[in-house]
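*Asks:*
2 protein chains.
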Amino acid sequence: MYSIALHGGAGTLARHLFTPEKELEYSIALRLALEEGDAILKSKGSALDAVEATIKVLEDSPLFNAGKGAVFTHDKKHELDASIMWGKDLSAGAVAGVSGIRNPISLSRLVMEKSEHVLLCGKGAEAFAVSKGIMIEDESYFYTDLRWQQLLQVIDEEKSFLDHSVNPHNPTYSPDEKKFGTVGAVALDVNGNLAAGTSTGGMTNKRWGRAGDSPIIGAGTYANNETCAISCTGHGEFFIRSVVAYDVSCLMEYGGLSLEQACRKVVNEKLVKRGGEGGLIAIDSKGNICLPFNSEGMYRAWKTADSEIFTAIF
Amino acid sequence: MYSIALHGGAGTLARHLFTPEKELEYSIALRLALEEGDAILKSKGSALDAVEATIKVLEDSPLFNAGKGAVFTHDKKHELDASIMWGKDLSAGAVAGVSGIRNPISLSRLVMEKSEHVLLCGKGAEAFAVSKGIMIEDESYFYTDLRWQQLLQVIDEEKSFLDHSVNPHNPTYSPDEKKFGTVGAVALDVNGNLAAGTSTGGMTNKRWGRAGDSPIIGAGTYANNETCAISCTGHGEFFIRSVVAYDVSCLMEYGGLSLEQACRKVVNEKLVKRGGEGGLIAIDSKGNICLPFNSEGMYRAWKTADSEIFTAIF
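For the record, the sequence lines run as chains A and B. Residue numbers are given in the working numbering: position 188 of the first sequence equals residue 188, and the series is strictly consecutive. Residue numbers are given in the working numbering: position 87 of the second sequence equals residue 1087, and the series is strictly consecutive.
(1) Name the residue from A:C290, A:S199, A:Q153 whose alpha carbon lies nearest to the alpha carbon of L58 (chain A).
(2) Give me the residue from A:G133, A:A195, A:I28 with the minimum Cα distance to I309 (chain A).
(3) Consult DSSP for T1019 (chain B) and reduce its assignment to one of helix, strand or coil.
(4) Can you tell me where the beta strand (DSSP E) with R1300 (chain B) in it begins and where it stops?
(5) At 4 residues or longer, and completely inside the segment 13-94 of chain A: list those alpha helix (DSSP H) runs for me, N to C.
(6) Compute the Euclidean distance between the alpha carbons of A312 (chain A) and K286 (chain A), then round it to the nearest angstrom.
(7) If you drop the 5 nearest sequence neighbours on each side, which residues of the same chain put their C-beta closer than 8 Å to that of S1115 (chain B)?
(8) Scan the segment 104-121 of chain A for residues whose Cβ lies nearer than 9 Å to a Cβ of chain B and list them as they occur along the chain.
(9) Alpha carbon to alpha carbon, what distance is there between T1019 (chain B) and G361 (chain A)?
(10) For I240 (chain A), does the three-state DSSP call read helix, strand or coil?
(11) Check this for me: beta carbons of G201 (chain A) and C232 (chain A), under 9 Å apart or not?
(12) Within 8 Å, do at least three Cβ pairs link the segment 1135-1145 of chain B to the segment 1233-1245 of chain B?
(13) Going by other Cβ atoms of all chains shown within 10 Å of its Cβ, with 16 needed for buried, is S61 (chain A) buried or exposed?
(14) Can you pull the chain A residues whose beta carbon is under 9 Å from the beta carbon of F1018 (chain B), in chain order?
(15) Spell out whether any CB of chain B is found under 9 Å from the CB atom of P62 (chain A).
(16) Starting from the N-terminal side, write out each stretch of the alpha helix (DSSP H) that is 4 residues or longer and does not extend beyond the segment 1104-1138 of chain B.
(17) I'd like the list of long-range same chain contacts for K1077 (chain B), defined as Cβ closer than 7 Å, with 5 residues on each side in sequence excluded.
(18) Compare the beta carbon distance of S91 (chain A) and L119 (chain A) with 9 Å and say whether it is the shorter of the two.
(19) Please report the distance separating the alpha-carbon of A1305 (chain B) from that of T1221 (chain B).
(20) Just the C-alpha distance for F1180 (chain B) and S307 (chain A), rounded to the nearest angstrom, thanks.
(21) May I have the straight-line CA-CA distance separating N294 (chain A) from T12 (chain A), to the nearest angstrom?
(22) Drop a sphere of 10 angstroms on the beta-carbon of R1207 (chain B), count the other beta-carbons inside from all chains shown, and report buried for 16 or more, exposed for fewer.
(23) Given a threshold of 16 other Cβ atoms within 10 Å of its Cβ, counted over all protein chains shown, does L110 (chain A) qualify as buried or as exposed?
(24) Just list the residues that DSSP pairs R274 (chain A) with in beta bridges.
(25) How should S1214 (chain B) be labelled, buried or exposed, when 16 other C-beta atoms within 10 angstroms of its C-beta is the threshold for buried?
(26) Residues in the segment 1212-1231 of chain B with C-beta within 7 Å of chain A's C-beta atoms, listed in sequence order?
(27) With a CB to CB cut of under 7 Å and the five nearest residues on each side skipped, what residues in its chain are close to D49 (chain A)?
(28) Looking at the strands, I want to know which residues DSSP matches up with G1184 (chain B).
(29) A1187 (chain B) CB to nearest chain A CB: under 9 Å?
(30) Who are the neighbours of F128 (chain A) on chain B, taking C-beta pairs under 7 Å?
(31) From Y1246 (chain B) to G1218 (chain B), what distance separates their C-alpha atoms?
(32) Is DSSP giving I1230 (chain B) helix, strand or coil here?
(33) Determine which residues share a DSSP beta bridge with L1280 (chain B) and list them.
(34) Does D247 (chain A) come within less than 9 Å of chain B when only Cβ atoms are used?
(35) Are there 16 or more other CB atoms within 10 angstroms of the CB of Q1150 (chain B), so buried, or fewer, so exposed?
(36) Would you mind sorting G275 (chain A) into buried or exposed? The rule is 16 or more other CB atoms within 10 Å of its CB.
Encoded structure:
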């Protein structure tokens, strides 16, 4: 028995801008990523390997706000955040504000396995990466025309923006879409071990070295074999203040709720009451999958050992 | 009715190196900081103001590993972390890896109140500080001879070190003391509002932009009027993985435990089982104070509206 699920971000996804072609493009990308993790789990590989491999595919795609497709900061750079956690022994690794790293999820795993630390930030984290043989990519690797147009439309504004749609007929910023661009994966392997991981480029036009919930163990990512594995996507500040990922785990462990009850309470009650838009993907130690969101949509895919692959957006 | 408590770090404090003079020096510093917060609470000020004012006194003292007395990094600099949370509305602010900031706790409060974000990192956080009129201190402000000697004794080692004692008779590193240098405060004000804050210089000889639990909402700091206010000090990596501060809150809210029961379970059972040394200070919405630690000692002081000021180390 095993289970795996992934997300590619959540938000107001503007159905009227979503052509069948675009929907198919995303659906294929989600499926390709899930197949990568599924193959590992099917051959009795670890949930940790499956989560990392799945997220790497999403990071390598220009479609999602992580790795290759990361949004631009106000300084026209990319600052990436990621974290990973292994439910077997509660080990964890995370990086915040790193530039030039092709796969921040793999760097997070290196922090977990090859350092005495959990969280490394900025230039220091990049120096750690180099010391472990990771190549620093040129900024050009992360250039995509969509992200560049998104930045140009809002760079003169004071605020950071969510990963938004670009409307060629309206050169000023129009929040037709409001996406919380993030990718993540959770998995249960045949040995009963849970793992979770999350990766993001953050907010378009972000300044001041802002980090959201993605690199924060307990907020954006959590895994514990006793309860569940969680990866979040949403308005990061609200997710940090609500310690969302660990909250689901505590509601199960201390409150006696099922995975589904805990997820609904956190995402559809507590976060809604506090104004925190977004969603999460969750798997419990029995392989149950729950994918709640309180926004219009969430890019997602999931599969159990016996099922086919499902993908959905709305 | 109000309550306030502070800590100045925990660890193996080597009683045999602790002269009565040294003990008195620390005791006076702890008392002066607590008096600052107490005066605010006594005149019906907010828990948030009391927590910030108390921590500023500790940051300005050379005795504690935060602000002025911060330890040196491997690069012979200081990288400071801090966070603050307001239990009334769950708002929060934090900074990680900032240099040249005299009072990181006040910068955290500015992030909370004057930005749309919760966590700012490194150079970006410093630029935010400047934009809000905060002066960047010269590195010389943070120079203290003790911290410099501590660095010189371990700079050739691969590892980061806890805030340790310097033994003039033994020039090689000797872990007579193993202190988790951090400062923090928690308070309940007469209006029933809880607040918590934490500030640290991290680990001597730290590299790679390492951050511990101090800037992490849910791990090192948490406050919620419904449950409690918590500030932690200890081996940060273990505290992040155990989401310590929010765990105490969840054990109360979902598990029905009292503040004392929740604190004992987290600090003296769960953390001990996982190898995480340290402690925390906690106040609940009724003004109860609990100051558990699983290390040899924890610098601490506390007071209620009707009591005198208590200070203790072992």
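Each residue gets a CB set at the ideal place from its N, CA and C atoms; glycine is no exception. Predicted, not measured: the structure shown is a model, and the values here were computed from it.
*Replies:* Once the coordinates are examined:
(1) A:S199
(2) A:I28
(3) coil
(4) 1297-1304
(5) 20-42, 47-60
(6) Computed Cα separation, rounded: 23 Å.
(7) Within the same chain, and ignoring the five residues on either side of S1115 (chain B) in sequence, the residues whose Cβ sits closer than 8 Å to its Cβ are G1093, F1128.
(8) V111, S115, E116, H117, V118, L119, L120, C121
(9) For residue 361 (chain A) there is no data in the structure shown, the boundaries of chain A being 1 and 314.
(10) helix
(11) no
(12) No: fewer than three Cβ pairs fall under 8 Å.
(13) By the neighbour-count definition (other C-beta atoms within 10 Å, threshold 16), S61 (chain A) is a buried residue.
(14) Result: empty, since nearest Cβ-Cβ is about 28 Å, beyond 9 Å.
(15) no
(16) 1104-1114, 1122-1131
(17) Only S1099, E1139 meet the Cβ criterion.
(18) no
(19) 23 Å
(20) 49 Å
(21) Between the alpha carbons of N294 (chain A) and T12 (chain A) lies a distance of about 10 Å.
(22) buried
(23) That one is buried.
(24) Partner(s): none; R274 (chain A) has no beta bridge.
(25) buried
(26) I1216, I1217, G1218, A1219
(27) If the five residues before and after D49 (chain A) are omitted, its C-beta is found closer than 7 Å to the C-beta atoms of I40, all from its own chain and listed in chain order.
(28) B:H1007, B:T1198
(29) Under the Cβ criterion of 9 Å, A1187 (chain B) is not counted among the residues facing chain A.
(30) W1208
(31) 5 Å
(32) The three-state reading of DSSP puts I1230 (chain B) in strand, counting E and B together.
(33) B:C1232
(34) Output row for D247 (chain A): interface = yes.
(35) buried
(36) exposed
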